[in-house]
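A quick write-up on the structure given underneath.
Protein chains in written order, with our numbering: chain A, 32 to 267; chain B, 499 to 1281.
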């Protein structure tokens, strides 16, 4: 499955200026992402994993280094191109779901697909995330797990190359967390989407094809899982 | 519908109180704009149409006496298209109540009704005019409820004439019926016009084969000054008194001012309203954007570009503009018909049809779009700064800083703790605070102006008739008399004092600038007239020299101490050069004043007077009604009464103004409070948990609002003062000078009104604070 490279990250660094202090949030990160792969980026808070995710997703630009996706250097993109990249190539899932409070579940998904050229059928996606019945509810009428499933549907329905998930289970209880992980796993396998999850939860690493470990802004280990375990069997 | 637009609609629904309050402001602005623009056009059209149907004169010439042949001769002057002579004399009218003084102007009509200033009649005229009947001016007939076939009884040259009313008609010369330029207001039941045959007028007034007025119609308005010069030369020998162009004729002049006033209303108020709306919109949007920070980040993460997100939020402002435009323009268009009708019927002119000028609607839409889109973009510009990655992290708390006041430790020490918090909160967002203060100050200014208008009308009146002219009556003679007449008069009436008075029209000139005005001669030691210069210093009439009013000084571009030329219309009189020894105040009318003896000696004849001023508790009108040679007796008491009546009708207009100011103040405070509550939900929740109760929090917001209102009022005082100056400048004319007198009273009254509206707005937000669920607020932020 590691035949075709989706994305190359070459020596990427990111510095933030906070007042008079410069924070080196990310230093010299280099790795590749393959098509259809399930990757978990592991690290404690402050390890630079969110910064990395933001750069992969075109939400932020690196201070140094290259990010190449399908022969395009997105680190050279201007604001307009970055927006187009986020729109067409990337799906995001956030820790706190970040749904639009005043749109229903289905409308939240439509909000994302409206401007995509190759969006999937929304009703099918809603059924995949098992929200066919709840699609006309507002976020405030849904549980955390349901909201996260809407967020996943929103990300998937765009039919992106890459699904980036920032602590997708961080705000959920154990059982719901497992359901969400299964769903992401299913999407990875069924739609052949590259899924990247960032988390501080080591246990989640067991389900990944590869695990990238980070500490203090650096990648400390990249480990391939010969036998990833199904998400249902993960425990923490 | 696009999902972003669905979101927008729900956003509007969620904040409907705020949305409606701003929409109302926009709607009121556009309604005023459309309503007054269309109304002024319609009135103008109606007037033009009326003038052309009745063939309104281009000028009126007043003379001592001009024979028919000389009048006919004027037709040969190139550029003059029509000429019509007439006799016009003011006489008292006998009415049932002996204490009531009514004057009537008897005007002659040529046989077939004439070709210039034709009367306008709906009902038709019953009978041919003869020696015993008249056609009465419609407004006067209506005001006194005089019907066709009733008899009116004027005194003419010492005897009464019973004249039957055979027709009631309107005249383009009396759209606005005022007796003379000293009258502030029309008193429709006290002054009227009766049209009679030429033969009758010439015989009773002693103008056999001649006239004392000539109406002129010209081919081309641009030649009018040349024609006037020619007429002056030609008519000099007939005792030319003055030539008045249409634009200076009293009725037309007032009419033009009224139309200008409506036009001004149509531009100034709406712009002020839209400014306040723009302020609220930009504050509202910047708060919405701030609250939606995370949602904006998500939208950007989803791939929405800056432009689409910015336009999403700007559409909120556009929705306000759209809703406001639709209601405002519809309201304005719908109201413009009844409004035009009211005005037109008030002026007693036929409506020539309602015209909806579509360009105004277009203007309104452009203006609103500019304001709304501009303020929307300005308010929502924070979107551009939001990076999707940053927005996912909770916002750093606002930097708490010491404010300037805190550095003044000896003052700050005495500020109670609860107020310290309030003051810091206010200064936390300086720009918003500045906007809020500016908006409220504008609302306050809008409240100040009508109060000033009433106050200044009253004070103008009191000054004019309580200070500057203190007589009880002025008596005018039918023709100039020897001052010996005063002795005769004092035998007829019981008077505390009688002063001679000489009023005569002259042309005042300074280089090429000239103006026809009446010079009034009064005794140097006058007890009735008081003159004040612009710095309120008392000035005495000089031995030789002339006083002119501010309006004339401005017109002639003359300063104190400079000389002007006084040109007489009388035959054989030389031009006289006089020094302007003082420029004096006069609020009603525009005159020049001289020492009566100098005036007699230099300009007219020794001993000659044209009237007297009288201090008396006697009923002069009654006593002098049979006296020969008296053309008019006017009582200051009557003028005062009609003014008081008029003020009552002003109250409605003032109420409207106050309401407008109130709506602005309400919308500002209501929105600002809602915004402040929603922004600080977390903070209030924390306070609640610490043990503050709802009342404490409400009290805190009330304190913030009252402090803001207080500062706004302080800022509003100079703002209101400059608005007043602008108003008095634009409403002042040659006829009326508005004193820009600033009295603390109406600034206080306006402050009270503003505070009331602030309190109402504050109460309207009460529920929001009481319904605040502080437990929810402390849960994680979900946008």
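Just so it is clear, CB atoms sit at the ideal spot from N, CA and C, and this is done for glycine as well.
Is the Cβ of residue i closer than 8 Å to any Cβ of chain B?
i, result
"residue 212/A", "no"
"residue 109/A", "no"
"residue 118/A", "yes"
"residue 131/A", "yes"
"residue 56/A", "no"
"residue 167/A", "no"
"residue 63/A", "no"
"residue 46/A", "no"
"residue 33/A", "For residue 33/A, the predicted model reports a pLDDT of 47, less than 50, meaning its position is unreliable; a value from the coordinates is still stated below. It does not: the Cβ of residue 33/A has no partner Cβ on chain B nearer than 8 Å."
At the level of alpha carbons, what is the spacing between residue i and residue j?
i, j, result
"residue 907/B", "residue 1188/B", "28 Å"
"residue 1116/B", "residue 1025/B", "18 Å"
"residue 535/B", "residue 845/B", "18 Å"
"residue 1197/B", "residue 529/B", "37 Å"
"residue 194/A", "residue 227/A", "6 Å"
"residue 37/A", "residue 210/A", "27 Å"
"residue 1183/B", "residue 512/B", "21 Å"
"residue 134/A", "residue 170/A", "8 Å"
"residue 769/B", "residue 1073/B", "50 Å"
"residue 912/B", "residue 934/B", "27 Å"
"residue 162/A", "residue 136/A", "9 Å"
"residue 1050/B", "residue 841/B", "31 Å"
"residue 508/B", "residue 787/B", "15 Å"
"residue 1204/B", "residue 1249/B", "12 Å"
"residue 1113/B", "residue 996/B", "7 Å"
"residue 1064/B", "residue 1019/B", "14 Å"
"residue 1278/B", "residue 200/A", "Confidence at residue 1278/B is low in this model, with a pLDDT of 45, below 50, so its placement is unreliable and the value that follows should be read with caution. Roughly 15 Å between the two C-alpha positions."
Measure the beta-carbon distance from residue i to residue j and round it to whole angstroms, keeping in mind my assumption that it falls under 8 Å.
i, j, result
"residue 586/B", "residue 711/B", "5 Å"
"residue 733/B", "residue 564/B", "7 Å"
"residue 144/A", "residue 188/A", "5 Å"
"residue 1015/B", "residue 1089/B", "6 Å"
Going by beta-carbon coordinates alone, are residue i and residue j separated by less than 8 Å?
i, j, result
"residue 604/B", "residue 699/B", "yes"
"residue 236/A", "residue 73/A", "yes"
"residue 520/B", "residue 1130/B", "no"
"residue 1210/B", "residue 938/B", "yes"
"residue 1215/B", "residue 1245/B", "yes"
"residue 618/B", "residue 669/B", "yes"
"residue 801/B", "residue 111/A", "no"
"residue 664/B", "residue 631/B", "yes"
"residue 176/A", "residue 203/A", "yes"
"residue 785/B", "residue 1177/B", "yes"
"residue 566/B", "residue 707/B", "yes"
"residue 1175/B", "residue 1052/B", "no"
"residue 713/B", "residue 614/B", "yes"
"residue 1226/B", "residue 954/B", "yes"
I want to see whether chain A comes within less than 8 Å of residue i, judged by CB atoms only; does it?
i, result
"residue 1270/B", "no"
"residue 875/B", "no"
"residue 801/B", "yes"
"residue 886/B", "yes"
"residue 1180/B", "no"
"residue 810/B", "no"
"residue 817/B", "no"
"residue 804/B", "yes"
"residue 502/B", "yes"
"residue 1280/B", "In this prediction, residue 1280/B scores a pLDDT of 40, lower than 50, which makes its location untrustworthy; the coordinate-derived value is nonetheless stated afterwards. It does; some Cβ of chain A falls within 8 Å."
"residue 782/B", "no"
"residue 773/B", "no"
Contact the region 1088-1100 of chain B vs the region 1038-1050 of chain B: 3+ CB pairs below 8 Å: Below 8 Å, enough C-beta pairs join the region 1088-1100 of chain B and the region 1038-1050 of chain B to call them touching: three or more.
Inter-stretch contact at 8 Å, needing at least 3 Cβ pairs: the region 870-878 of chain B / the region 798-815 of chain B: yes
Cβ-based contacts, 7 Å cut-off: residues of the region 146-161 of chain A near chain D: No chain D is present in this structure, whose protein chains are A and B.
Contact between the region 769-780 of chain B and the region 55-68 of chain A (3+ Cβ pairs under 8 Å): no
Stretch-stretch touch, CB-based, cutoff 8 Å, three pairs: the region 87-99 of chain A with the region 36-50 of chain A: yes
The region 858-874 of chain B in contact with the region 818-828 of chain B per 3-pair CB rule at 8 Å: yes
Segment contact flag, the region 990-1006 of chain B with the region 1150-1167 of chain B, C-beta cutoff 8 Å, min 3 pairs: no
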